[in-house]
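Just so you know, we're using my numbering here: the sequence shown kicks off at 227 and counts up by one.
Let me begin by presenting the structure, written as structure tokens, before commenting on it.
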Amino acid sequence: MAKRWLPWAFKLALTAAIIWFLATRIDLGDAARQAATIRPDMLSLAVGLMLLQVLISAVRWQAVLRAIGALLAFRQVFEIFYIGVFFNIALPSSVGGDAVRMWKSRRAGLSLSGAVNGVMLERVVTVFGLVLMVAVAQPLLLRRLPDLPGTWVFPVLTLVALAGIVALMLLDLLPATMRRWAVVRGLGHLAQDSRRLFLVPRNAALSLVWALLGHANLSLTVLVLALGLDLGVDIVDCLVLVPPVILITTLPISIAGWGVREMAMVTAFGFVGVPAASGLALSVLFGLVIVVTSLPGGVLWLLSGAGREGEQSSARS
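Here you go:
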């Protein structure tokens, strides 16, 4: 039991520590007052863009599923993905929603390997698209911030990501003596599906285009919020600064990204002259927009009857 809760305790402690650190260095009252000045029209537009983000992400997932031959109707894909978005926020782990997606897509009729690999490879495409966008935007970043330290990290991350994908595609080359284990056989299926996705140009291009569109849409959402706060940033600033923030936030080290996102956003936008309190207000508003737009996924979960089924199963056990 202790081992099960230890990762959550670590994430909670890290989230609390980062928030405490920010609170000791930033005027929280000033940040709250700035957040309250957000223009309602810009806030509404940001909410609309985040709802669009769910649609873009669902299309990306369906592109991955089709690439590996795991077919679901788009309505099912959209509903299951939205439910996963809700659980990404509702559960301590940012990958909790992925487990729910695997379970729901398996119940929707996919094979076990199709359900698991479809979600895992969609995650790989999303993260690789994010790394790729950061690398592509680096010339703009260096033009905007010529003295920025650590710029070597982005090309290295791209090479590491490419190496990881190649390794993924070679997992079925493990020794035959190990294939008696179900996990190894599962890795073999994952390798085959990853080749169907990344070595077929149409499949790779389609999934990556939707991934890049999603990341650009997130940058646009932050831009809209920044304009609503009158922070004096432009689209180039957001295109080069938001992807690294999102990349850091994908690390499963905090509760739903809180704390890590705020630290990264304050640091990133500080490079372009945004005061720390303003950066914190921007990050918190962005986080709240994510939370609000994830709530319909919980409604879909309840309407699907899955919640009641879970309760009945618990009662029988």
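C-beta: ideal position from N, C-alpha, C; glycine also.
Going by the CB atoms, is the gap between residue j and residue i shorter than 7 Å?
i           : j           : result
residue 359 : residue 438 : yes
residue 268 : residue 450 : yes
residue 366 : residue 435 : no
residue 241 : residue 480 : yes
residue 351 : residue 433 : yes
residue 291 : residue 344 : yes
residue 485 : residue 315 : no
residue 523 : residue 309 : yes
residue 312 : residue 284 : no
residue 459 : residue 452 : yes
residue 447 : residue 272 : yes
residue 371 : residue 497 : yes
residue 179 : residue 471 : The question about residue 179 has no answer here: the residues shown for the chain are numbered 227 through 543.
residue 454 : residue 259 : no
residue 294 : residue 419 : yes
residue 339 : residue 415 : yes
residue 288 : residue 443 : no
residue 387 : residue 357 : yes
residue 202 : residue 286 : In the structure displayed, the chain extends from 227 to 543; residue 202 sits before or after that span and is not available.
What is the residue span of the alpha helix (DSSP H) that residue i lies within?
i           : result
residue 391 : 379-395
residue 531 : Run containing residue 531: none; DSSP gives neither H nor E here.
residue 338 : 338-370
residue 324 : 322-333
residue 264 : From DSSP, residue 264 is part of no alpha helix (DSSP H); its letter is neither H nor E.
residue 315 : 300-316
residue 434 : 427-454
residue 423 : 408-424
Taking 6 Å as the cut-off, does the CB of residue i come closer than this to any heavy atom belonging to the ligand GDP?
i           : result
residue 356 : The ligand GDP is absent from the structure shown, which contains no ligands of any kind.
Does any C-beta atom of chain C lie closer than 7 Å to the C-beta of residue i?
i           : result
residue 530 : Considering every chain present, this structure includes no chain C. It has just one protein chain.
Exercise for the section: Evaluate the contact criterion for the stretch 410-425 versus the stretch 242-250: three or more CB pairs, one atom per stretch, below 8 Å. Expected result: The stretch 242-250 and the stretch 410-425 do not touch, with fewer than three beta-carbon pairs separated by less than 8 Å.
Problem - Every unbroken alpha helix (DSSP H) within the stretch 463-500, with a cutoff of 4 residues, ordered by chain - result: Secondary structure within the stretch 463-500: the alpha helix (DSSP H) runs of 4 or more consecutive residues, fully enclosed, are 486-496 (chain order).
Handout entry: the stretch 331-343 contacting the stretch 502-512, beta-carbon criterion three pairs below 8 Å
Key = No, because fewer than three Cβ pairs between the stretch 331-343 and the stretch 502-512 fall closer than 8 Å, the two stretches do not touch.
Handout entry: Segment contact flag, the stretch 282-302 with the stretch 508-518, C-beta cutoff 8 Å, min 3 pairs
Key = With the cut-off at 8 Å, the stretch 282-302 and the stretch 508-518 do not touch.
Problem - Stretch-stretch touch, CB-based, cutoff 8 Å, three pairs: the stretch 322-329 with the stretch 383-396 - result: Verdict: no, contact absent.
Practice task
Pair every Cβ in the stretch 421-428 with every Cβ in the stretch 387-398, then say whether three or more of these pairs are closer than 8 Å.
Solution key: Touching, yes, given that three or more Cβ pairs across the two stretches are closer than 8 Å.
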